[in-house]
Structure formats: structure tokens, C-alpha cells
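Straight run, no breaks: the sequence shown in full-length UniProt numbering ends on number 790. No residue lacks a Cβ here, since even glycine has one placed at the ideal position from N, Cα and C. What follows is a single structure, written as C-alpha cells, with notes after it.
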Amino acid sequence: MPMNDLSQRIVVTGVGLVSAAGCDTATLLDSLRAGQSCLQPIAAFDTAGMKMTHAGEVSSFDPCDGSNQVRARTVDRGSQMALVAARQALAQATRSSALDLEQTGVMVGLSGAPQYQNLWMIPSRAYPRDRRSALYFSRSTPAFQADLLARSFGLGGPRAAFGSASVGGLLAVGHAMDLLRMGHATAMLVGGGEIQTLLNALGMDVIGMGAKGPCQPFYASTGMSFGEGAACLLLETLANARTRNAQPLAELVSSAASADAYHEISNDPAGKGLARSICNAMSKAHMEPGDIGWIRGSGTGHPTQDLAEAIALEECFDGNPPPITSTEPYFGHVNGVSPLLGLVAGIVAQQENIALALPLATGTQAECSLPLLAPGVSPHGDWLVTGVAFGGSNAALIAGPVKMRRSWSSRVAAIDIAGCGMVSGHGFGLDAFLAACRTCAPAASAPRRVDDAQLPPISGVDLRRREKVVRWSLSAVDQALSDAGLRAGASARIGLLIGMNRGPMTPYERFFDQIFQGEFNASTGRRLLKTGRFSVASEVAHAFGLQGYCGTMCPGVNGGVQLAAHGAELLRASPELDALLVVAADEWNDLGESLYQSLGLVSAPMHAYDPGTQGTSGGEGAAALLLVRSDPDSPVSGWARIAGTALGGDTGMVPDMTGRGYAKVIGKAVRRARLTPAEVDFALGQGCGWNLNDMRELAALSQLRPDLPLSGVLGHTGLAESAGGLFGVIAAAAALRDGCLPPLAAGGMPQGPADFVTGVSRLGAFHHALLCGSTERGAHAAVLLQGKDQ
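Quick look at the structure:
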């Protein structure tokens, strides 16, 4: 499998969907030919007193269709729909021959809007107190859906989930293309499923986003109509498809994303961020405006958003944009899945030579006055998919038929860590963290809390009335920029990737407290938006003027190393960026404590790699890495170079305690760094006191080298679900720089086939460090760091 080949062409060989317009492609085609809106009066809940009356609800859907009935009934409705759509896509893609499942990954794209809006809290108004409710709540993150798809179909490649509001699906497609081009997989299953909840409908209604009646994009309508559904696509390299004799349905040519950095929630009314995404996507593919035949626009029906999109298109296409359409009248706005449904509809329509036209609308066309795609024969050639989200995140994707030749910007960069910043229970900044880790301190016997009273001011940024995870993220980013010698200021060439497993939990608690008090007004709706993971990214982008890539990943528990690996590959494949801030943030609160206790996962103190104990201690904080693109032939700049990365996962429904899958990922990262196991000086793992995770990690590392020195920092910081892995990256980079490897926190006796670093820091001239991490459901990552003197 070729590595680092950005000229690799990406095709779609299978699609599937569950939607208001049909639960398979044949029914979807009937709906498209009929050319009528599929939005119906809402049946799922009473809309009395609401402006919003119509939605894209799925009626003819069997969650157990072709699947394990017990499994289907133990997951949420959105994940049930995703399973059905994925099964359709895989069946179509494998008609001619089978896929290499070990080399097939999963990328989920959702809004990150809580699937847990309909969970036990509504009737019980209490935190989980039993294992059953805690398990159900633990499955309410986007990462669970990615894990479910991978394990249900035995897919062992990279897996990740985006929770980036309405652009989540497009970011998932774009990053899957990156991973395929960088040689991390030969195929990727991309998709997701989302539901329409009462709370989301109420929230959007009270802040004036909902339409009275079915939405009418690009007409004089008054708002959005929401929906539910799922869409999945099987992506693979063209070379792999040809080897399998698979029939490509379409080619995915190029993608790009950007941030408005205009406001913490609102979008730029001038559409400047969307214009950057569109222009970057065309530039990367060496395309001109005239090469685009038609556009599947975001087109939500909200007049302000439609007008901003029109302004962006007028700018990118020199005042003469091609015909545009929207799929919202067919599906409703299914949040992060909307662009995926639009992409599937566009591919199916073009395959059948049908124009994906808007249903007939009433009234007059809106102020934007864009040319609308007319019914009839589909325009030939390439087409554009756009996405716009709350908080000012934008994305664009170019798709089309498979052509004889394509051109692509193919230069691959080296990735260096130029700056670091962090907030932890040990204080603000690197010095306090490193000092604590390098002493033989006892392991955390209680959650390591951040003392907000020590939060230093940030020049030009007002920290008042911001949520804790936002304040900590802002502080970590400010430190990383300063560490790299960069000054904050508007920049379209600096991107942002946020990692959060559970999202901002304090706003979540406040939101439900307000509901339980019987309130639901505009302030409740705005508070609902603050529960979204996207809100942290939008506030950070706005505060520092970061106008490049903007996305939010949900990496899973212990997923910080995954975040670093994904960030490095994303930047490596993005010539429109000079740098990318990779930020992870976690908050430990009563809900998290109750969840872990109900699952029997709390221990005081934490004993890493000790098979005689079981449990962890909570942690919180934020960490930021400023990654920069460098010339591969130049010396390492900053802290260290990310010399190799690898991603993968266990394929079974139960954890693989032999560590074979994890070991393959570690070995692949070493090979991608062009090293031998003997050249790795030490490993920094994610030992957190959970026997399953710790013993699997030891089994995997022993297959690389049983005598490899092994340390970790979670005993010092507590288990910060996303940030903990980045804490480790910073500690490893500092060890390479300073020649001082911190010991495991004292607490029990680690046991297993490794050279554990205990008692005191280990001194030496270190050149290469291995970072490894595996999530609670077996998604693995490994990163090789190269020191500055190499």
C-alpha cells in the first residue's frame, strides 16, 4: 500500500441511506423523480405552540433488518439507522469481490448534538446509579457509532468520529480521503445517523430557526425544517477499486474546510469562510470555476444562511455561479448527516442522469436570486457540495464522474511540534506540569481538579462568562502560540482541531436544570447550543482569529494520541495550511463521577499496569499542540517531529486481550518512521488503572520489544479522557528535549513484560519516543516522535 501519495484518486463504490425520502436507493430515486417535498407534519411529538410543524421523519424503517436483533435493540435509534445504511453501502461495494476488512476503516460524521437528549435524565432527573443506565449513557458519544460500525462489520482500519454540527459529515468524508491518500487504509466506510429530538426541535424553534411549514431553500421562506436519518458511503482508492474489479459510482476529487472566526455562534453574513472553503477545494484540485457543473448547496431555508451562501458563491464563481439545488426538502436538516445525504442523493441522481432539482416551491425566490437547478437531465461533469454550521464552520467537497486524468497538489510535508500549552490539576503552563511529573509523587487518590483561580489573563481575550472547558482551551492555545513565537491574529493558514469526548458538561447540567424548572425560552435554546462540542471550537477560533480548517473530533476515552495522529495526517494533506492547533479538553464533574462509579471503574489511588487493582481516578484540563508543516529534508524545528503515525482497531465485538491488533498499529508507526524497534528509546503509554486497557497495552508493547522503557503521566494528572493523551505527547516531547523521562506515579506495583520507569526520572540522551493509546472499545493509535538533534 503506497504511503504519502496525495495524487491517489478516491472513488465511491457503495452508498446506503435511511431517510424520509426512502430507506434504500431505489425508493430515493422514486422520490427524486416525483420532485415533491418529503417533509410531513411532525408525528413524533406534539407541536402545539410551536412555529415548526414539519420534519423529515423516517416511518418505514426496521432497525433489525438483516442485523443482530439483540444488538440493534441495545443501541440508540441514530446508530440503528447508521447500521442499516452501512450494510447497504458495503453490500453494493462488494458485489464483485470482497474488501480487505483489515485495511478498511470507519469515519463517522455527526453534529455532536447529544443523542442523550432523549435518555434517562428526562423521566428520572437523576444521574446514572446503576450499570445499565451508565452503559447506555456511555454509548451517547459520536465515537460509539464509529466503534459500533467497525466492530459490527469487522473493519480493522482507522476509525474516528467528528462532532462538528452541520458540517460533521463533510469533514468525515474529507479526512477519510486524506487517510486513504496517506496510505493508512485501502477503503473507508464514511457515514453516520442522527435523530430528531423534541429538545432540539424546541431549542431551534424558540431561537427562531424553524420554518412554518416545509422549508423552501432559496425562496422567501422563514426557516429550517429538521429531520432524521443516516447515510453511508464506501470510499476507496481508484487503484484498489480496479484491483477488485469494483464499479466506481463517482469520484471524490477535493475537499476543504474553514472557520468564519466571526462570532461564537453566528455565521458570517458575508459568507467569507464558505468562500475560502470553496476556493481552496478548487485550488487543491487545480480546477477553475467553469469546471463545476452544478452545486448541492447547504440551502437550509433560513434566509440569512441562504443569503450568505449566495454571496460566497457569487464571489467564488466571478458573479456567474452554476445552477444550485438543496436536498433539505427531501430529507429535512439532519444536522451533521445532511451533507452525507446530499452527497448520496447527488451520486444516485447523476448515475441515473436525473437532475437533483428542488421540489416545486410556492412564493417568490429569495433575495439571493441564485440560478436554480431545473428538473430534467443531470448536468454533466463535476459538482460541488457545501456545508455551513453554527459557530461559523464551513466545508466544501468536489465530486464527479471518474475521468481519465485528474491533477492534484501532491507535495507532502513533514510535521513538527512548534509549540505546546496546557492546563491541568497541577496548574497553568508546562513548568508546573513537568515539575509534578518528574517527582516520585503518589498517584492521584482523588480527581485532579483545575484551580480556576490561578487562570492567567489572555491579552485581548475576555474570559468572563465562558464555560470552563472554553477558558482552559483558550489558555492552552495562547500558551502554544506564544511558545512557538506566534502572535494571535486573523489567519486563514492556521487551522484548529478540537478533541472532546463528552462535550461541555456544565452547560449540559445547566440546560437540564432549566428544563426541570419548567423553563423553555430563548435563553434555554441558546444554552442548548452551548452543550454542543462545536461551541468550544467556534469560541477558540473567534478569540484568536483562526480562519483555517475548523473541526471537532470525539476520540473516545484515552483518545488523545488518536487526536495527535489524525491532526498530523490532516495537516500533512492540507497545502492550504501552514499550521494546525490540536487541542483536547475535558471536564470532570458529578455526572462523570457517577458514570464511572456505576461501571465500577473508580479507584483511589490509580494503579497503572497493576493487575491486582481495577479503577482509575478522574482528571480534567486542556492541552494544545501547534503543529507546523516543514520541509522533510530540513532539521527538526520546535520540540520534535512527528516521524510516523498509525491508526487501527480491534475487529471483534469483544476486546482482543492478546493485543495483536494494537501491536500491528504500533509496529506500523515504527515502520512509517523508518525505524527499527531497537531505535525506539522509550514508550509513553496510557496506563490508567483499567485492567483491560492496561494489560492489552502491555501485551501489544511486548510484541514490539519486551525491554522497552515504559512510563506514563495519567497517574499524575488523573484520567482526562481526551486531554490525557496530549499530556503524554507533551511529556514525551519534553523528555526528548531535556533528556529526562518522568516516572510512573507511585501507586501499587506495575507488573508485566516491560521496563517500567518507577521511583525517579530516567536520564539519558533520547532520540525517538513512542506514544501509544487505545480507547475503551479498541481504537488504537501510535505516534513516533523524533528529537530535535536527529
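Residue pairing for Arg33: DSSP places it in no beta bridge. Considering only Gly346, Val729 and Val84, the residue with the shortest C-alpha distance to Arg33 is Gly346. DSSP lists Pro709 as the beta-bridge partner residues of Asp755. Taken in chain order, the complete alpha helix (DSSP H) segments of 4 residues or longer contained in the segment 623 to 691 are 660 to 672. Residue pairing for Asn394: DSSP places it in a beta bridge opposite Ser258 and Val388. Gly618 is bridged by DSSP to Leu719. Leu771 is positioned such that its CB atom lies no closer than 7 angstroms to that of Leu698.
Judged by pairs of C-beta atoms under 8 angstroms, the segment 322 to 335 touches the segment 216 to 232, as three or more such pairs exist. The Cβ neighbour count for Cys38, taken over all protein chains shown within 10 Å, is at least 16; the residue is labelled buried. Under the 8 angstroms Cβ criterion, the segment 81 to 97 counts as touching the segment 234 to 248, having at least three qualifying pairs. For Val18, the secondary structure class from DSSP, reduced to helix, strand or coil, is strand.
Here Arg762 carries a strand assignment [DSSP, helix/strand/coil].
Annotation for Leu189: no alpha helix (DSSP H) segment contains it, though the beta strand (DSSP E) segment containing it runs Ala187 to Glu194.
Excluding residues up to 5 positions away in sequence, Val602 lie with their Cβ nearer than 6 angstroms to the Cβ of Tyr596 in the same chain.
Counting every other CB atom within 10 Å of its CB across the protein chains shown gives Asp707 a total below 16, marking it as exposed.
Taking C-beta atoms under 8 angstroms as the contact rule, Pro555 and Thr304 fail to qualify, at a distance of about 33 angstroms. Three or more Cβ pairs closer than 8 angstroms define a contact, and the segment 547 to 563 meets that threshold against the segment 159 to 171.
Bridge partners of Gln786 according to DSSP: Arg641 and His768. Among the bridge pairs identified by DSSP, Asp416 is matched with Val628 and Arg641. Counting only unbroken stretches of 3 or more residues, the beta strand (DSSP E) elements lying wholly within the segment 509 to 563 are 550 to 553, in sequence order.
Rounded to whole angstroms, the separation of the alpha carbons of Ala357 and Gly532 is 32 angstroms.
Annotation: the continuous beta strand (DSSP E) that includes Arg296 extends over Ile292 to Arg296.
In this structure, the beta-carbon distance from Gly157 to Gln103 falls below 7 angstroms. CA-CA distance, Gly299 to Ala396, rounds to 13 angstroms. As computed with DSSP, Leu110 is found in a beta bridge with Gly163. DSSP, read as helix, strand or coil, puts Ala55 in strand. Just so you know, the alpha carbons of Ser424 and Arg438 end up roughly 15 angstroms apart. Per the DSSP secondary-structure output, Thr27 pairs with nothing in a beta bridge.
Within a 10 Å sphere around the beta-carbon of Asp130 sit fewer than 16 other beta-carbons, which makes this residue exposed. Where Ile498 is concerned, the enclosing beta strand (DSSP E) starts and stops at Ile494 to Gly499. Assignment of Ala201 by DSSP, reduced to helix, strand and coil, places it in the helix class. Spatial neighbours of Ile311 in its own chain (CB-CB distance under 7 angstroms, excluding positions within 5 residues in sequence) are listed in chain order as Ala270 and Gly271.
Judged by their CB atoms, Ala565 and Leu647 are nearer to each other than the 7 angstroms cut-off.
Boundaries of the alpha helix (DSSP H) around Thr304: Pro303 to Cys316.
Of the residues assessed, Met657 falls on the exposed side of the cut-off, its CB having fewer than 16 other CB atoms within 10 angstroms.
Within the model, the alpha-carbon separation for Ala389 versus Ser634 is close to 38 angstroms.
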